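A.B. asks: In this note's numbering, each residue's number is its place in the sequence shown (first place is 1) plus 587.
From the three backbone atoms N, C-alpha and C, an ideal C-beta is built for every residue, glycine too.
As the structure is a computational prediction, the values presented were derived from the model and not from experiment.
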Amino acid sequence: AMSLTSTLSPVLSVVFSPRVSSAEEGTHLITAPTHHWDAITEMDEQNRPIHTFQVCNVMEPNQNNWLRSNWIQRQAAQKVFVELRFTLRDCNSIPWVSGTCKETFNLFYLETDQPHSATTRFLPVDTIAADESFTQTDLGDRVLRLNTEVREVGPVTRKGFYLAFQDVGACIALVSVKVFYKRCPSTLRNLAAFPDTVPRVDSSSLVEVRGACVENAEERDTPKLYCGADGDWLVPLGLCVCSLGHEETDGVCQACRPGFYKAFAGNTKCSKCPPHSSSHDQAGTICHCDKGFYRAAKDPSSMACTRSPSAPRNLISLINETALFLTWSAPSDSGGRKDLTYNVLCHRCSGAPGGEEDCEPCDADLRFVPRPLGITGTSVAVLDFAKHVNYTFYVEAVNGVSSLGQGSRPLANITVTTDQAGPSLVGVVRKDWASDNSIALSWLEGEQQPNAILDYEIKYYEKEQEQLSYSSTRTKTPRAVVTGLKPSTVYVFRLRSRTATGFTAYSNTFEFSTGDESKDVLCVCVSACVCACCNRCQGYIKAKIKSEDKRRGPFQNVVPFPGIKTYVDPDTYEDPTQAVHEFTKQIDPSRICIERVIGAGEFGEVCSGRLRTAGQTETPVAIKTLKGGYMERQRRDFLREASIMGQFDNPNVIRLEGVVTKSRPVMIVVEYMENGSLDSFLRKHDGQFTVIQLVGMLRGIASGMTYLSDMGYVHRDLAARNILVNEALVCKVSDFGLSRVLEDDPEAAYTTTGGKIPIRWTAPEAIAYRKFSSASDAWSYGIVMWEVMSYGERPYWEMSNQDVILSIEEGYRLPAPMGCPVALHQLMLHCWQKERGQRPYFSDVVSFLDNGIRFSLRSPVVIICPFSKLSFPESPEVMPHYPLFISIGDWLDSIKMSQYKSNFLAAGFTTLDSVSAMTLEDVRRIGVSLIGHQRRIVSSIQTLRLQLLSDQHNGFHV
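(1) Quick check: residue 953 and residue 971, are their CB atoms within less than 8 Å of each other?
(2) In chain order, which beta strand (DSSP E) runs of at least 3 residues are fully inside the region 897-927?
(3) With DSSP run on the structure shown, which of helix, strand or coil describes residue 1389?
(4) Tell me the DSSP secondary structure of residue 799 in three-state form.
(5) What residues match up with residue 1046 in a beta bridge as DSSP calls it?
(6) Take residue 799 as the anchor and find which of 1496, 901 and 773 has the nearest alpha-carbon.
(7) Which residues does DSSP list as the beta-bridge partners of residue 1383?
(8) Grouping DSSP H, G and I as helix and E and B as strand, with all else coil, what is residue 670?
(9) Quick check on residue 987: buried or exposed, where buried means 16 or more other Cβ atoms within 10 Å of its Cβ?
(10) Between the C-alpha atoms of residue 1194 and residue 1347, what's the straight-line distance to the nearest angstrom?
(11) Between the region 1289-1302 and the region 1247-1259, are three or more C-beta pairs nearer than 8 Å?
(12) If you draw a straight line from the C-alpha of residue 593 to the C-alpha of residue 662, how long is it?
(13) My output table needs one value for residue 759: the three-state DSSP class, helix, strand or coil.
(14) Counting along the chain, where does the alpha helix (DSSP H) carrying residue 1223 start and finish?
(15) Suppose you measure from the CA of residue 1380 to the CA of residue 735; what does that come to, to the nearest Å?
(16) So, at 6 Å on beta carbons, what are the nonlocal neighbours of residue 611 in its own chain, with the 5 sequence-adjacent residues on each side left out?
(17) Check whether the region 756-763 and the region 674-688 are in contact - that is, three or more C-beta pairs closer than 8 Å.
(18) Between the C-alpha atoms of residue 1515 and residue 1492, what's the straight-line distance to the nearest angstrom?
(19) Excluding the 5 residues preceding and the 5 following residue 794 in the sequence, name in chain order all residues of the same chain whose CB lies nearer than 7 Å to its CB.
(20) First and last residue of the alpha helix (DSSP H) that includes residue 1280?
(21) Give the straight-line distance between the Cα atoms of residue 1370 and residue 651, rounded to the nearest whole angstrom.
(22) Bridge partners for residue 747 per DSSP, in chain order?
(23) According to DSSP, residue 1491 sits in a beta bridge with which residue or residues?
(24) Give the C-beta separation of residue 655 and residue 700 to the nearest angstrom, bearing in mind that I take them to be a contact with Cβ-Cβ under 8 Å.
(25) Just the Cα atoms here: how many angstroms apart are residue 1542 and residue 817?
(26) Looking at the unbroken beta strand (DSSP E) that takes in residue 641, where does it start and where does it end?
(27) I'd like the span of the beta strand (DSSP E) that includes residue 828, first residue to last.
(28) Is the beta carbon of residue 740 less than 8 Å from the beta carbon of residue 645?
(29) On the three-state DSSP scale, how would you describe residue 1131?
(30) Take every Cβ of the region 1180-1192, pair it with every Cβ of the region 1204-1215, and state whether three or more of those distances are shorter than 8 Å.
(31) When DSSP builds the beta bridges, which residues end up paired with residue 841?
(32) Secondary structure at residue 1264, three-state DSSP: helix, strand or coil?
(33) Between the region 898-908 and the region 858-876, are three or more C-beta pairs nearer than 8 Å?
(34) Per DSSP, residue 1029 is paired with what?
(35) Using 8 Å as the threshold, is the region 1015-1031 in touch with the region 918-935, meaning 3 or more CB pairs across them?
(36) May I ask which residues mark the beginning and end of the beta strand (DSSP E) holding residue 710?
Shown next, in the form of structure tokens:
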């Protein structure tokens, strides 16, 4: 088929097309014994010559006729495929033969490092039979019934090989033999070139191929493709992007045209130069500004070039004895920018206006409010100026490119004479006395006032507030009592006086504090109001509820789920040791006997031993120890896990026996699980359990996670390595080092800002946003299911963590492990829904597995499992449709025959139930004309039937 040959790119080409003149070809077959296979040229029904090798010695018994090819070089092949096209006559159509006529022939091969003619033992490949045979009538009608069969040979490791065909008494004509091997052809993907690649012999593993970026492109993420066993490229990852000054066009990176530019590497198009800029050459990375225009250092290359603004307009002044105000209008030309600010410059001149003056920069004592430079508004106040002086003020407008321009900047200026005299400043301020919330102040006047003081204004604020907010009060005498202050707080005071001519400037700052007063600070939550307590307060309340609950009964109005125990996060305690005392039991170290070291943990060794109980019986336990030389933080983190485990009581969650904290070494004592971690246990016993036993393990894990999620608890590191197995094959959830509490809202998610994340087991939203929930634990549970059904195989195999993240984002999901029931894999896929709200609850998973086990132990009735509800029907007689795949389209996609979706739907085959009953004639009838495609679809239908039978046998009936 064209699609097959073009996809597989046969390299060995046609081994032979039998011809008489085979000496020039170098690929002829050698017959043995002589004349038993004859090279014959015939004409087909269209009068085209057909060259064949034929044998038809059906009258004589015990035929043993051989046909052998010349030596074929292996080249790069590891696995070889042989395509045979032949015709075979029906023995029933040949008279007078009984027992001597056959309807099959045999295919053999022999590997050698060089050609030779010595007789060597050939290895059998397969016995070849015809799907269609011809009769005497067909010969008269010149109907050529060609059969096509493909067989796999190998793996082949030597430099070449021979093929041989044995006839044992058939009437057969061998029309052509094509030998080829599969490869992934060279291709361009995401601006990266990938070379020809030969798949691995092991059809279950992929070949990772790194691509090379095309010319004028660079790597954004390392481009990769995976070469599959069928010669198809799979799982594209990473990409190359066009370099600066280049854009993607028809799979290559071309230079930007003049007048266009591209400042960043990426797969965006070249952009037209922004206003007042241009590029004159190809592959421009930036457009240069026209003369008189500029671009600031922080301006993006996409921004138009700009220029300096013109001078401010309408500058005027206003004086009120104690303050001078300058106001102006914005310039008529802002230069094309929005970052406009103003600078006010000042010169002080002596002499009459208009005459000769001696000018110099203004004194530093002159104050500008808000400031003299970088003003964003169009006004400024000038304070503390001298009397009877001429001031000239210059105002300039500047923007981000003013410093880049050449020449002087345009200014607006105005001259002001300060002939008016204002009142003097207030003198020294002192604190006479202070109470918890009051301060008494008094002050002296600095100098003789020319005008009568009407009153004083006192401005004050808390020192730590940095004058973000302030209060003020007035008094007619040089003393005041400021009330309404906070205890033990430092306040800043400033004063000014007012006369008939206006206010003076404020005095210097003075700092005084109120008296000390200490009272308890209570954290109160009122049920009718919003509780503003911090997380620590909430955790303390929860802890207190738990401790009070032991003495006074449950608080039904506080516990989020009445009747269900609520998990309390140890991190919410002010003192973490309080959580240890609250939730764990102290063990006398003399009752512990350590026998041997069985592993190493994050904080120290893990040992096995025995715990002597009050009845003098001994219980096997596992002991985690804290290594010497620890810091207090390490001790706190070590005991944190014990504070978590101590709150749990479930047969599928590891049980805490107690802790040793009052002597060294510090120890955590838990129940002993004889078979260790689940992943190691499964790898050790690969293939030794029934499906029901594996499902029983999964059921236990789901039951433990149901208990934890009902308590409002998120594990965050659910994996087979963190599941422990005892001698009765009971699985228990353990390792709570990464776990966090889920707040009262069952739909809430815990967000963390640090810590390592186990990528292969973690949900996408938890990887991207560090948002963990029971739904993210459900994703992890799906990975655990895959680990169990594959007997501890590593999820995503040798793919890197980054490749795993990208693959999941692009929709890739782990395939079903070998022998895994379809229903279980569908449950895995349900756990791996991208939208976390669509993943199953653990209680639903437990019900699903319970029903599966229960029906498996009954009589073998066919049970249909509705995937969307994740449950078996209560009545075995109910048989609704079970969508093994989401749709017919998904099934065709899985066998790479998606081009026939419309053919199936148009012919009425809309469910897999109807497809499973299709025959070869049905496939032909709906329009699948290519033989290779017919065979692939029919083979897939047969596999589907076998899978259904296998699921019934394993107990998961579909």
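C.D. replies: In short, the structure shows the following:
(1) Contact: yes.
(2) If we require 3 residues or more, the beta strand (DSSP E) runs fully inside the region 897-927 come out as 900-906 and 910-916.
(3) Helix at residue 1389.
(4) Strand at residue 799.
(5) According to DSSP, residue 1046 shares a beta bridge with 1059 and 1081.
(6) Closest option to residue 799, Cα to Cα, is 773.
(7) Among the bridge pairs identified by DSSP, residue 1383 is matched with none.
(8) Residue 670: strand per DSSP, three-state reduction.
(9) Buried, because 16 or more other Cβ atoms sit within 10 Å of the Cβ of residue 987.
(10) Straight-line Cα distance between these residues: approximately 29 Å.
(11) Contact between the region 1289-1302 and the region 1247-1259 is absent, because fewer than three Cβ pairs lie under 8 Å.
(12) With a pLDDT of 26 at residue 593, under the threshold of 50, the predicted position of this residue should be treated as unreliable, though the coordinate-derived value follows. When rounded, the distance between both Cα atoms is 19 Å.
(13) Residue 759 falls in the strand class under three-state DSSP.
(14) Bounds of the alpha helix (DSSP H) holding residue 1223 are 1219-1232.
(15) Spanning the alpha carbons of residue 1380 and residue 735 requires a straight line of approximately 38 Å.
(16) Any answer about residue 611 is weak, because its pLDDT of 29 lies below 50 and its placement is not dependable; what the coordinates show is given next. There are no such residues.
(17) Yes: at least three Cβ pairs fall under 8 Å.
(18) Residue 1515 and residue 1492: Cα-Cα distance of roughly 13 Å.
(19) So the list reads 784, 786, 787, 813 and 814, once near-sequence residues are dropped.
(20) From DSSP, the alpha helix (DSSP H) with residue 1280 extends over 1278-1297.
(21) In a straight line, the C-alpha of residue 1370 is about 56 Å away from that of residue 651.
(22) Residue 747 is bridged by DSSP to 660 and 699.
(23) In DSSP, residue 1491 forms no bridge with anything.
(24) Contact doesn't hold; Cβ gap of about 18 Å is too wide.
(25) Any reading at residue 1542 needs caution, since the residue's pLDDT is 45, under 50, leaving its predicted position unreliable; the model's value is listed next. The alpha-carbon separation between residue 1542 and residue 817 amounts to approximately 32 Å.
(26) For residue 641, the uninterrupted beta strand (DSSP E) run begins and ends at 636-642, by DSSP.
(27) Note, residue 828: beta strand (DSSP E), 820-829.
(28) Cβ distance not < 8 Å, so residue 740 and residue 645 don't count as in contact.
(29) Only weak support exists for where residue 1131 lies, its pLDDT of 37 falling under 50; the coordinates are left without a value.
(30) Below 8 Å, enough C-beta pairs join the region 1180-1192 and the region 1204-1215 to call them touching: three or more.
(31) BP columns for residue 841 point to 834.
(32) Three-state DSSP puts residue 1264 in a strand.
(33) Contact fails: fewer than three Cβ-Cβ distances are below 8 Å.
(34) Paired residues: 1017 and 1066.
(35) Taking one beta carbon from each stretch, the region 1015-1031 and the region 918-935 have fewer than 3 pairs nearer than 8 Å; the two do not touch.
(36) The continuous beta strand (DSSP E) containing residue 710 extends over residues 710-716.
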